[in-house]
Every structure is written in C-alpha cells, then in structure tokens.
Amino acid sequence: MRHFIRAAALLGMLVLAFALFRSPPSTNLLAKSGLFQANSAGANALKWASMPVGLVRPSECQSCHVKEFQAWEKSAHSTVSCASCHGPTREHVESGAELVVDASRDFCGLCHAQQVSRPRDFPQVDLTQHGGQAQCVTCHDPRAPKFGPRIPHVLEGRYPCSGCHIPGAKEPYELPDSHIGRTSDICSKCHETE
Amino acid sequence: MSGFAYPNELETQWSLLIVLYPYITGLVAGAFMVSALYHVFGIAKFRPIARFSLVTALAFLLVAPLPLLLHLGRPERALEMFLRPNPTSAMSGFGFIWSFYLLLVIAEVWLVFRRDIVAYALASHGPKKLLYSVLALGVFDVSEHTLHTDEKVAKVLAFVGIPSASLLHGYVGFIFGAVKANPWWSTPLMPLIFLLSAIVSGMALLLVLYVVVSKLRRTPIDKECVSTLVKWLTGFLVIDITLESLEVLFMLYESEESWEMISQLITYKLRYTFLGLQLGLGSLVPLLLLGSSGLSWLKERWSTSIAFLAATLILVGVFAMRWNVVIGGQSFSKSLRGFLTYDPPLLGREGILMAGGILVLPLVIFAVLVYFIPPWLQAGATKEA
Amino acid sequence: MGLTRRQFILGGAAVAGAVVATRALPLFTPARVAGKGLAQADQKEAGHPWAFVCDTTKCIGCGRCVVACKAENRVPPEPHTTRTWVERYVISQNGETFVDSPNSGMNGFSGPANAKYEGLEIKKTFFVPKLCNQCDNPPCVRVCPVAATYMTKEGVILVDQDSCVGCRYCIQACPYGARYMVPPHAEVSPTGQTGVADKCTWCYHRTSRGMAPACVEACPVGARMFGDLRDPSGAVSQVMKDQRVYILKEALGTRPKVYYIGLEEGVR
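Protein chains in written order, with this note's numbering: chain A, 1 to 194; chain B, 1 to 385; chain C, 1 to 268.
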C-alpha cells in the first residue's frame with residue numbers, strides 16, 4: 001500500500017502547489033510580471049473613462065473662431081459638427097496645426113450626392129448634372145443661413161424670378177428641372193443675395 | 001464573401017486549430033471508453049486493447065491544450081483560466097476538467113502498468129532503472145494482494161473516468177450548442193452529438209492503430225477483439241448518425257428564420273464536407289462496411305481489412321464533422337444574408353502545417369510511451385491488470 | 001472481488017459526486033480573484049440610465065460616424081475591425097432585399113456597388129447605422145472564460161484589455177457582429193493592446209464626462225442620439241415617449257439598449 005500513500009502524497013503536493021499558485025502572494029508576483037491582471041472591474045472602467053477625448057465639439061471651436069461659429073450656428077449646417085468637414089481637430093486645438101478642408105465636389109457629395117436610399121427631403125443633387133466641374137463652394141457658402149446658390153445681383157426691379165429663370169434657359173438664367181413648377185414667392189427660402 | 005456579412009465577420013474567428021481541438025479530445029474520450037468498457041463493464045474481449053487504449057488516450061490528452069494555446073490572441077495570459085475563471089463560461093472549465101482528467105488517466109495508467117514498471121525497474125540498469133524506479137515511486141511490492149487492490153482502484157478510476165471523459169468532450173459541445181447567436185450551433189443536442197462522434201472516432205482510432213501496430217510488430221490480430229470493437233463501433237455510429245440527422249431534421253421541420261440560410265449551407269456551401277464526407281463517406285459508407293465486415297462467410301483477412309477501411313473513413317468523417325461545426329458555423333453571416341469563406345493558410349501559427357504537426361505529435365508521444373511501457377507485453381505474471 | 005457490487009457503485013457515485021461538487025463550487029462562491037460577477041446584481045439595482053437611438057428615417061449614409069469613431073477610439077483601419085458601421089438596404093418591388101456596407105460605410109455609399117442596383121425596380125431603400133447594443137442580458141459577458149468583459153454601473157459593457165486572453169468566444173457569442181479582434185500587428189489600437197477583443201464602448205470616456213459619443217456628435221442629420229433616460233427633456237427620452245421604437249433580434253432575449261426608429265422587416 002506504500003505506493004498509494006506516496007501517490008496520495010504526490011497528489012497532495014500538486015493540490016497544495018495549485019492552491020499556492022492561486023494565492024495572493026503568487027498572483028501578485030504574476031501581476032508584476034504581466035502574466036496576470038488582478039484589476040477589478042471598477043478599476044478597468046476607470047481606465048476606460050480616463051482615456052483622452054479626441055473629437056472637438058463646436059463649442060470648443062467657438063472660443064477662437066467666434067464669427068465663424070456665429071454664422072455656422074444660424075446656417076443649415078448647424079447640425080454638422082466642425083470636425084466633420086474640417087477634419088480631426090484635436091491637434092489643431094492643442095498645437096495650432098493647420099487644418100486643410102477638402103473642398104472638392106466629392107467631399108460635399110459624401111452627403112449631398114443624389115442617392116435613392118437617402119431620405120427624399122434631404123438636400124441632394126445629381127452631381128453629374130449640376131454645376132459642371134466647379135467646386136460646390138463657388139456658389140454655396142457652407143456657413144450661409146440658406147443653402148441655395150447665392151444670388152449675384154440685387155433683387156430690386158427683378159421680381160418675379162420666373163421672368164428670367166425659365167426652364168431650358170441658358171446660364172446664368174438656367175432653372176434646374178427640380179425647380180419646375182415652383183413659384184417665385186418661395187425662391188428666397190433657399191437663395192439669398194451675396 | 002458573397003451576399004452581405006457584418007463587417008467584423010470578414011475575419012474567421014475560430015480557425016483550423018479549433019477544429020483540431022475537439023477532434024483530439026474526442027479521440028481521447030473514445031479511446032478511454034474502450035478501456036472503461038473492459039475495466040468497468042468487464043467486456044473481456046477488449047483485453048488485447050485495454051491497456052493499449054489507455055496509452056492512446058494519454059498520448060492524445062497530453063496534446064489537447066496545444067491547439068488552444070496556439071490559437072489564443074494572448075497565450076501568455078493563458079494561466080488566467082486557472083486564476084480567474086468565469087463560472088458562467090463553459091470554456092473556463094477547460095483548465096480544471098483537463099487537469100483533473102489528466103491526473104486520473106495518469107493514475108490509471110500507472111496502476112494498470114505498475115506491475116510491469118516494477119518488473120522493468122528490477123530488470124534494468126543505469127538511467128532506465130532510475131526512470132522506472134521513479135515511476136514506481138520507489139515501491140516494488142507486486143504481491144497478489146497489492147495487485148488486487150491496484151485492480152480495484154483502477155476500476156474505480158475507470159468508473160469515474162467515464163463521466164470525466166464525457167465532461168471533457170461534452171463541455172466542448174456545450175460551448176458551441178449554447179451560443180444562441182449562431183443558428184448552426186445552437187441546439188441542446190450538441191453536447192450529445194459531440195460525445196457520440198467522439199466515442200465513434202476514438203473506437204475507430206483504436207481499430208486503426210491496433211491493426212497498424214500489429215502489422216508493424218508482425219503480431220497476430222485478435223479477431224474476436226476486432227469484431228467486438230466493430231460491433232460497438234457500429235452501435236455508437238448508428239446513434240451518432242441518428243442524432244446528427246435529428247438536428248437537421250428538426251431545423252428543416254421547424255423552418256425558422258435561419259432555415260433558408262442553413263439549407264443553403266448544407267446543400268451548397270458545405271455540400272462536399274457535410275453531405276459528402278461527414279454523412280456519406282464518413283458515416284453511411286462505414287456503416288455499410290462495418291455491417292458487411294461481420295458477414296460470416298468472409299475470410300478474416302478481408303473482414304479486418306474492410307473494418308480497417310471503415311475506421312479510416314470514420315476518422316476522416318469525424319474530422320469533417322468538427323470542420324463542419326466550427327468552420328461551417330462561421331461560413332455564413334449572422335445577418336443570414338451571405339456566405340463567408342475560410343481558407344486555412346499553409347504556414348503560420350494557425351496554418352495547415354502546424355495542424356499536421358499537432359496531429360502527428362500524439363503519435364510520437366504514443367511511440368515514446370509504448371517504448372517504455374509496452375501495453376502488449378506482460379512482464380511477469382500471466383494475467384493483465 | 002473484495003468489494004460487493006453495491007459497495008463499488010456507492011463508492012464510485014460518492015467519488016463522482018465529489019468531483020461534480022468541487023467543479024460546481026465556483027458557482028456558489030464569489031469570483032474573488034476577478035472581483036466581478038456579483039457586481040451585476042448592484043448594476044441592476046441602480047438601473048441602466050443610458051440609451052442610444054438610431055433613426056433610420058434620417059440616416060443619409062455619409063459615413064461620418066464611422067470616420068469619427070475610428071479617429072476618436074484609435075480603431076484599426078482594416079475593414080474587418082470596426083466598432084460601428086452603416087448598412088444600406090435596398091428592397092425591390094418583387095420583395096428581394098439587398099444589403100451592403102462597403103468598407104463599413106466609412107467612405108459613403110456612392111462607390112461602384114451602386115451599379116448592381118441599376119435597372120432594379122426599387123420599392124424601398126434606406127440606411128441603418130449599427131453599433132454595440134450594450135445588451136442588458138449580454139451573451140458576451142456570460143461566455144468570457146476569464147471574466148474580462150463586464151458591465152459598468154451605467155449599463156455599458158467594456159472589455160478589460162489587460163486581462164483578455166483573445167479566445168474570441170465573445171465575438172462568436174455576439175448576435176450582432178459588434179465585436180472584433182484587435183489584429184496582432186495593429187498599428188493603432190484603443191488601449192495599446194493587441195490580440196484582444198474590442199467593441200464600441202459608447203465612447204465611455206466621453207459619456208462618463210457628460211459628452212455624447214463621437215458618432216453622435218459627428219452625425220450631420222441627427223440620426224444618432226444618446227442620452228440619459230432620467231432626463232425627461234433629453235432627445236432620447238422624447239423619442240422613447242413619442243415614437244415607435246424597436247430593437248434588433250428581440251427574440252434572442254439580449255435586451256439591447258440601442259433603439260431603432262423606422263426598423264423594417266428583414267433588418268437584422
């Protein structure tokens with residue numbers, strides 16, 4: 001029977017070694033060597049919560065860019081945060097790094113290109129038929145209160161708008177197909193003078 | 001990817017190594033069952049392979065954690081499984097179940113081979129003598145009474161080993177079966193299907209190994225043993241096929257939201273590995289072969305060869321089953337709108353070469369084990385423990 | 001045999017019982033090493049005040065949310081590692097549904113994939129933003145073998161990336177595809193750890209400071225909303241009161257906290 005006793009002793013030692021392995025002195029040592037993390041959930045949640053904030057909110061941009069902020073606030077783009085067009089702005093806030101805006105047609109088209117899946121009442125246009133190859137900002141000021149192209153002339157003596165802007169007319173009197181049927185009293189809803 | 005899949009599904013999460021792991025533990029469970037059939041239920045016809053199957057089980061058991069370790073994103077943190085297991089996670093059970101079962105199998109191998117170990121210790125010299133003496137724990141008592149007690153304890157261990165082996169492999173079935181997110185995996189039948197196919201694969205492995213080893217050693221094959229193994233294998237195979245078919249039958253009948261996807265998975269995406277290998281070549285053909293190997297008018301040589309072929313096909317078929325579960329379950333999107341493809345790389349930590357190495361390693365360990373404690377020799381007395 | 005058959009069976013059963021009992025013991029003792037698990041009971045007591053709303057009637061599929069998230073959280077740029085994405089649904093007149101999410105919607109949807117919808121008679125088409133639902137009955141938390149993923153008192157589910165072993169079980173268990181593995185050689189990673197699981201945290205570092213998540217801030221049309229349900233005047237509370245909202249895969253019982261306006265049959 002001695003062999004059973006010795007085997008049992010061996011087993012006992014293994015169990016003891018395992019218990020020691022799971023004991024705090026051992027786990028502390030393991031934690032120090034990076035093989036085990038004894039962090040509680042609370043400590044880890046704190047770690048996640050203390051990660052640095054990246055995206056800059058428009059209210060932060062306001063402190064330096066007052067005029068732009070005031071214009072933007074009243075514009076149709078007031079729901080679009082500055083960072084969406086001006087890129088990740090954290091570095092700019094911290095070190096003054098220059099921000100380059102992508103003013104290409106493709107960039108504006110990310111939101112405003114005509115797509116059948118987009119809600120019908122969302123302002124979108126078929127970019128292959130609109131504005132040639134010009135940058136959108138040539139006619140559309142992103143921070144203007146209204147999003148239609150700016151009217152490059154005074155309005156006095158020129159009412160109604162449909163007197164000159166008729167379907168089939170050439171530039172600069174052209175009238176897009178989407179505008180056919182609209183009466184002159186609603187033009188100023190989207191278009192304002194420069 | 002065809003159709004649509006969630007962006008994060010484009011990477012296959014569980015690789016070839018995770019196909020290997022249940023395959024290996026399945027072989028362990030099956031091999032152990034044969035040993036238990038002899039030691040606990042007294043199926044005397046299994047005597048020629050009773051110790052053989054124990055050694056096989058041990059060899060594969062030692063390799064079982066390897067594919068898991070290689071698959072982890074942070075293998076150096078693997079010890080956390082022991083230090084902070086999550087009781088609600090079946091996967092956390094691995095460390096404890098495997099360790100317990102390893103100790104059990106080692107203890108049983110030790111008891112069953114102890115008389116031989118003592119005999120070798122007494123008969124050898126130098127380093128070998130030291131090795132055997134250590135294995136014998138420095139005790140050389142092989143009296144009838146002691147051996148009798150050894151036998152009884154071994155029987156108890158074998159008895160406890162049956163649910164332990166079932167747990168070792170059944171919990172893997174639970175890992176898959178309890179994932180409600182995956183309709184190909186989620187079924188209460190999964191632990192049973194895994195276990196039954198494990199037993200089938202283990203028995204098939206033993207048949208193959210026994211024939212191969214006998215041929216290598218040029219010793220006669222015990223035809224009673226083989227035919228008994230064939231009978232048990234056939235029985236378990238029938239139950240296995242039944243369960244696997246039941247699972248699909250229920251899905252077909254209940255026709256849930258996922259059925260449209262699953263039916264395409266079975267009939268298109270997995271048609272070769274599921275219909276072809278798992279069901280066809282891996283289950284139904286072997287069933288016919290096993291049945292015909294028992295035909296009385298067949299020469300023994302033929303019946304053994306047919307059984308050998310059937311067992312080999314079963315081994316391939318069960319591997320295909322693991323593939324179909326693990327990879328198959330990741331071959332379609334949880335959006336139920338698309339298919340995904342997994343091509344295992346040849347090289348790398350989770351590649352085909354690595355998988356091949358992991359499959360060969362237990363055979364190497366087996367060779368080492370049978371060198372030191374050959375299961376077929378009976379050093380000393382006339383009866384095997 | 002020295003033992004009678006009865007003694008043998010009883011002895012064996014006793015041993016088996018002892019094995020099962022010791023295995024089952026952890027279920028009844030606190031997970032003292034990790035310090036988690038029991039915390040869930042406190043969380044339910046406190047209630048989970050935060051909620052998220054996605055308005056599919058407003059989403060324009062511009063992908064600014066995905067870009068903002070990747071930048072804010074240092075998410076690896078690969079297509080198969082994303083914390084949030086946008087899906088486009090196109091339902092044809094004869095009832096077929098096509099779904100796509102090119103590069104998670106990060107570059108918008110005006111790419112070449114549009115070609116396959118040409119000539120199709122479209123009945124309905126819309127965008128659906130997706131992110132982690134921060135489920136109140138999270139399958140991911142349940143399956144993590146080392147309890148590395150857990151729920152905070154606000155109901156946000158986080159991953160302790162210092163403990164995660166990278167087994168990927170949580171990724172398998174998530175029905176929504178919200179989780180991913182930080183690649184081993186990732187150039188960027190949320191906490192600097194690689195080979196670990198990651199997912200949307202509702203920008204916990206922002207929301208715990210009273211700010212909105214980056215995706216909510218970035219959305220130009222207000223299709224994403226975040227708020228505290230205890231604030232009756234907040235946008236989310238208003239939506240929950242005035243609009244019909246639904247959740248994804250309700251039948252699975254995960255109890256998500258992301259509510260959708262305008263969910264359509266076939267959106268999973």
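Glycine residues also receive a C-beta, built at the ideal position from the N, C-alpha and C atoms. All values derive from a computational prediction rather than experimental measurement.
Coil, strand or helix - residue i by DSSP
{"i": "C/Val123", "result": "Before going further, note that residue 123 of chain C is Lys rather than Val in the sequence given. Correct three-state label for C/Lys123: strand."}
{"i": "B/Trp14", "result": "coil"}
{"i": "C/Tyr246", "result": "strand"}
{"i": "C/Ala18", "result": "helix"}
{"i": "C/Met151", "result": "strand"}
{"i": "A/Phe69", "result": "helix"}
{"i": "B/Gly235", "result": "helix"}
{"i": "A/Thr27", "result": "helix"}
{"i": "C/Thr191", "result": "coil"}
{"i": "A/Trp48", "result": "helix"}
{"i": "B/Gly73", "result": "coil"}
{"i": "B/Ser255", "result": "coil"}
{"i": "B/Asp222", "result": "coil"}
{"i": "B/Tyr272", "result": "helix"}
{"i": "C/Lys44", "result": "Note that C/Lys44 scores a pLDDT of 41, beneath 50, so its modelled location is shaky; the value from the coordinates is reported in the next line. In this structure, C/Lys44 counts as helix in the three-state DSSP scheme."}
Where the beta strand (DSSP E) containing residue i begins and where it ends
{"i": "C/Glu87", "result": "Thr84 to Ser92"}
{"i": "C/Leu158", "result": "Ile157 to Val159"}
{"i": "C/Thr97", "result": "Thr97 to Asp100"}
Identified DSSP bridge partners for residue i
{"i": "C/Tyr180", "result": "C/Asp198"}
{"i": "A/Phe122", "result": "Looking at the DSSP assignment, A/Phe122 forms no beta bridge with any residue, so it has no partner."}
{"i": "C/Cys54", "result": "C/Arg224 and C/Tyr260"}
{"i": "B/Leu336", "result": "B/Leu336 pairs with nothing; no bridge assigned."}
{"i": "C/Val128", "result": "C/Glu87"}
{"i": "B/Gly3", "result": "B/Gly338"}
{"i": "A/Ile151", "result": "A/Thr193"}
Contact list for residue i against chain C, beta-carbon separation under 8 angstroms
{"i": "B/Phe4", "result": "Glu87, Phe98, Val99, Asp100 and Ser101"}
{"i": "B/Gln13", "result": "Arg168, Ile171, Gln172 and Met181"}
Residue interval of the alpha helix (DSSP H) (run including residue i)
{"i": "B/Thr149", "result": "Glu144 to Gly177"}
{"i": "B/Gly294", "result": "Element bounds for B/Gly294: n/a, residue is neither H nor E."}
{"i": "B/Gly93", "result": "Gly93 to Ala123"}
{"i": "B/Arg301", "result": "Glu300 to Val326"}
{"i": "C/Ala251", "result": "Note, C/Ala251: premise wrong, no alpha helix (DSSP H); not H, not E."}
{"i": "B/Ile365", "result": "Ile352 to Phe372"}
{"i": "B/Ile262", "result": "Trp259 to Gln264"}
{"i": "A/Asp106", "result": "Arg105 to His112"}
{"i": "B/Val63", "result": "Arg47 to Val63"}
{"i": "C/Lys70", "result": "Arg64 to Asn73"}
{"i": "C/Glu78", "result": "Per DSSP, C/Glu78 belongs to no alpha helix (DSSP H) and is neither H nor E."}
{"i": "B/Tyr132", "result": "Gly126 to Leu135"}
{"i": "B/Val213", "result": "Met190 to Arg217"}
{"i": "A/Gly12", "result": "Arg2 to Phe21"}
{"i": "B/Phe82", "result": "Glu80 to Leu83"}
{"i": "C/Arg206", "result": "Tyr204 to Thr207"}
{"i": "C/Cys215", "result": "Ala214 to Ala218"}
{"i": "A/Glu60", "result": "Pro58 to Gln62"}
{"i": "C/Val141", "result": "Pro139 to Val143"}
Closer than 8 angstroms to chain D by CB, residue i
{"i": "C/Val188", "result": "The structure shown contains no chain D; its protein chains are A, B and C."}
Top-ranked residue by Cα proximity to residue i, from the options
{"i": "C/Pro232", "options": "C/Cys167, C/Pro49, C/Ala218 and C/Gly108", "result": "C/Pro49"}
{"i": "B/Ser245", "options": "B/Glu224, B/Leu284 and B/Phe32", "result": "B/Leu284"}
{"i": "B/Ser164", "options": "C/Gln7, C/Phe8, C/Ala13 and C/Thr4", "result": "C/Ala13"}
{"i": "B/Glu76", "options": "A/Cys190, A/Phe36 and A/Gln62", "result": "A/Phe36"}
{"i": "B/Leu157", "options": "B/Leu103, B/Thr88 and B/Met190", "result": "B/Leu103"}
{"i": "B/Trp184", "options": "B/Val172, B/Ser331 and B/Tyr253", "result": "B/Ser331"}
Neighbouring residues, chain B, relative to residue i (Cβ below 8 angstroms)
{"i": "A/Leu30", "result": "Leu79 and Leu83"}
Beta-carbon neighbours of residue i, restricted to chain B and to distances below 7 angstroms
{"i": "C/Cys174", "result": "Ala181"}
{"i": "C/Pro145", "result": "Met81, Pro85, Asn86, Ser89, Met91 and Ser92"}
{"i": "C/Ala214", "result": "By Cβ distance, chain B contributes nothing, its closest Cβ being about 18 angstroms from C/Ala214, past 7 angstroms."}
Beta-carbon neighbours of residue i, restricted to chain A and to distances below 7 angstroms
{"i": "B/Val139", "result": "Arg2, His3 and Arg6"}
{"i": "C/Val258", "result": "By Cβ distance, chain A contributes nothing, its closest Cβ being about 19 angstroms from C/Val258, past 7 angstroms."}
Proximal chain C residues relative to residue i, where beta-carbon distance stays under 7 angstroms
{"i": "A/Ala49", "result": "Tyr204, His205 and Ser208"}
{"i": "B/Lys334", "result": "Pro175 and Gly177"}
Under 9 angstroms by beta carbon: chain C residues contacting residue i
{"i": "A/Ser81", "result": "Arg64, Ala68, Glu217, Ala218, Cys219 and Pro220"}
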